[in-house]
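Visitor:
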Amino acid sequence: MQPASQSHLLPTFDRADLSFDRGEGVWLIASNGERYLDFGAGVAVNALGHAHPDLVKALTDQAQKLWHTSNLVRIPEGEALADRLCQLTFADRVFFTNSGAEALEGAFKTARKYHYVNGNPERVEIITFEGAFHGRTLATIAAGGQQKYLEGFGPISPGFIQLPFGDHEALKKAVTPHTAAILIEPVQGEGGVRPVPPQCLRGLRELCDQHGILLIFDEVQTGVGRSGKLFAHEGANVTPDIMAIAKGIGGGFPLGAFLTTEEAGKGMTAGTHGSTFGGNPLAMAVGNKVLEIISDEEFLQHVRDVSLLLKQRLAGLKHQYPDIIEDIRGEGLLMGIKMNENFLNTHFVVEARTHKLIVVGAGDNVVRLIPPLIVSKDDVSEAIIRLENTCLNMKRKSHTVGPSLLPQPEFGK
Ligand SMILES: *Cc1c(COP(=O)(O)O)cnc(C)c1O
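Start counting the sequence shown at 1; every next residue gets the next number (our numbering).
(1) What number of angstroms, rounded off, separates the C-alpha of Ser416 from the C-alpha of Val43?
(2) From what residue to what residue does the beta strand (DSSP E) around Ala174 run?
(3) Can you tell me whether DSSP reads Thr140 as helix, strand or coil?
(4) According to the Cβ coordinates, are Ile245 and Ala47 closer than 8 angstroms?
(5) For Gly361 and Val349, which I take to be in contact (beta-carbon distance under 8 angstroms), what is that distance rounded to the nearest angstrom?
(6) Just to confirm before moving on: does the CB-CB distance between Ala139 and Ser157 stay below 8 angstroms?
(7) Quick check on DSSP: helix, strand or coil for Asp305?
(8) Rounded to whole angstroms, what's the CA-CA distance from Gly192 to Gly287? Just pull it up for me.
(9) Whose beta carbon lies closer than 5 angstroms to any heavy atom of ligand 1, going through the chain in order?
(10) Only counting the same chain, and skipping five residues up and downstream in sequence, which positions put a Cβ closer than 6 angstroms to that of Ser376?
(11) Put Asp378 into one of helix, strand or coil per three-state DSSP.
(12) Can you give the beta carbon distance from Ile370 to Leu334, rounded, assuming they're within the 8 angstroms contact cut?
(13) Please specify which runs of the alpha helix (DSSP H), each continuous and at least 4 residues long, are wholly inside the segment 98-166, giving them in chain order.
(14) So Thr97 and Ser275 are in contact, right, with Cβ under 8 angstroms, and what is the actual spacing, rounded?
(15) Three or more C-beta pairs closer than 8 angstroms, one from the segment 160-171 and one from the segment 289-308: is that the case here?
(16) Let's test the definition: count the other Cβ atoms within 10 Å of the Cβ of Phe153 and tell me whether it reaches 16, buried, or not, exposed.
(17) Comparing C-alpha positions only, which one of Ala51, Glu105 and Ile29 sits nearest to Gly251?
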C-alpha cells in the first residue's frame, strides 16, 4: 500500500497507519497477522463484534435474493423491523436512513413540521447543549454548535440555540414562542462520555410538556443496548417524542432511523420526506437480526454484568495511576477514562495501540472504551492488562520528556 499521504482519499480523517484484513468477535486481525483487542468497535458500531455468524448469514441470505427495490414498493423486512422497534419503544412510526446525521435531519424536519401543521409555523428553534455531537451535515453541525466543525462552511444553518450543559436557568430563559424542540444525547458520546442525570432528563420532559415542545433524544451512540438498557433513556423512566438511532442497529452495516410518536410525526405525510437507499432489504435483514439478538433481556443483562466488571476494574486502574487518570465515567459499555491535564487522550490512544488495544478518543480529554457488546469478562481482564501497560508507558515517557504542554489536538472524527 502507498503511504497514506499519497492516497487519493480526501484527507479529512487523521488516520492511523494501520489496516485490518478480518475480524473475529472482539478481535481485529491486521494485514501482517497481528491481533488487536477491539475496544472501539468501529466507534460503537460493531455491537455484535466482527463476523458474527448470524449477521453474516442474514446478510448473505438476503444478498442471494434481493438487494434493492426502492421505497416505491413495500419492503416487508422494513415493516417487520419498524413493528419490532415500535413494540419495544415509545414510538409508533419509523423512518429508515443510512446514517446517524441523516436520522437527525429527519428528526428536525419532523419536529418543525409538527408545529407547522399545528398552525405554528414560527416554532422552528431547536435547543441543544454544549459538547453535543449530532453529525457532520450542515444542519447537524449547527445543532452540535462546535466552532471547529462549523468554521469555513458558510452561513450556519439557522434555528439552533445552544446552551451550557446542565444550566437549568439558561434553559428556562431559552424557551420562547419560537421553540420547536429540545435535542439531547442521554449520554454525550463524542463530547466526552458525559451522562445526563436521570432527573435532568425528567425535567426536560416536564418543561417540554409545559410548553408544547417536542423532546428529541439522540441515541445514535447510546442506543441498541450500548447503555445496558435497550435505549439509554429507559434508565430515567422518560420517553421522547422523537428519537434518532444508527451506529449499533446495523452491527456494521450502514443503517439509521428516526422513530416518532403518531402525534409528533403527524406532519410527515406522503411526499414530505424520502430516501433512495433508506430501509433497503440488505440493511433491513441485518437490522432485524441485530435487534432480535440485542433486545433479549439475557443479552442486556450480560451487557450490564460486563459493564459492572469493567467499571470496577477501571476504578482499580485509576487508583493505581491517579496521576494519569482523573475520573472514570459512563454507562453500560460506553465508558470514558478522563485523563489528567498532564496527559493527552490522543497520546493514550496511540500508546494503547502499541499494546494491541484499540480505544477511541473523545472530547474533554477522555478515552472512550466502547467494545462490542458481546465482550466477555475475560476480554475485560485482557483489556485491563493492556491498559495497565499503556499507563505504565505513559508514565515512563512523562518522566523522560516531562508533562506535555501541547494544546490538546482535535480527536479525529
Ligand atoms: C456518530 C453520531 C452521530 C452521527 O452519525 P453518522 O452516522 O456519523 O452520521 C450523531 N449523533 C451521535 C450521538 C453520534 O454518536
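No residue lacks a Cβ here, since even glycine has one placed at the ideal position from N, Cα and C.
Quick caveat, the model's predicted, so the values are computed rather than measured.
Guide: So, to answer that:
(1) Lying outside 1 to 413, the shown extent of the chain, residue 416 is not represented and no answer is given.
(2) Residue range His168 to Ala174 is occupied by the alpha helix (DSSP H) that includes Ala174, with no beta strand (DSSP E) assigned at that position.
(3) Here Thr140 sits in helix by DSSP.
(4) Taking 8 angstroms as the Cβ cut-off, Ile245 and Ala47 do not qualify as a contacting pair.
(5) About 5 angstroms separates the two Cβ atoms, so the contact holds.
(6) In terms of Cβ geometry, Ala139 and Ser157 form a close pair [threshold 8 angstroms].
(7) The three-state reading of DSSP puts Asp305 in helix, counting H, G and I together.
(8) Straight across, the Cα-Cα distance linking Gly192 with Gly287 is about 28 angstroms.
(9) So the residues near ligand 1 by this Cβ test are Ser99, Gly100, Ala101, His134, Gly135, Glu185, Gly189, Asp218, Val220, Gln221 and Ala246.
(10) Cβ neighbours of Ser376 beyond the five flanking positions: none.
(11) Residue state, collapsed to three classes: helix.
(12) Indeed, because the Cβ distance is near 6 angstroms, the residues count as touching under 8 angstroms.
(13) As far as the segment 98-166 is concerned, its whole alpha helix (DSSP H) runs of at least 4 residues are 100-117, 138-144 and 147-150.
(14) With 8 angstroms as the limit, Thr97 and Ser275 qualify as a contact, their Cβ atoms being about 6 angstroms apart.
(15) Taking one beta carbon from each stretch, the segment 160-171 and the segment 289-308 have fewer than 3 pairs nearer than 8 angstroms; the two do not touch.
(16) Residue environment: Phe153 is assigned as exposed (fewer than 16 neighbouring CB atoms within 10 Å of its CB, all protein chains considered).
(17) With distances taken between Cα atoms, Gly251 lies closest to Ala51.
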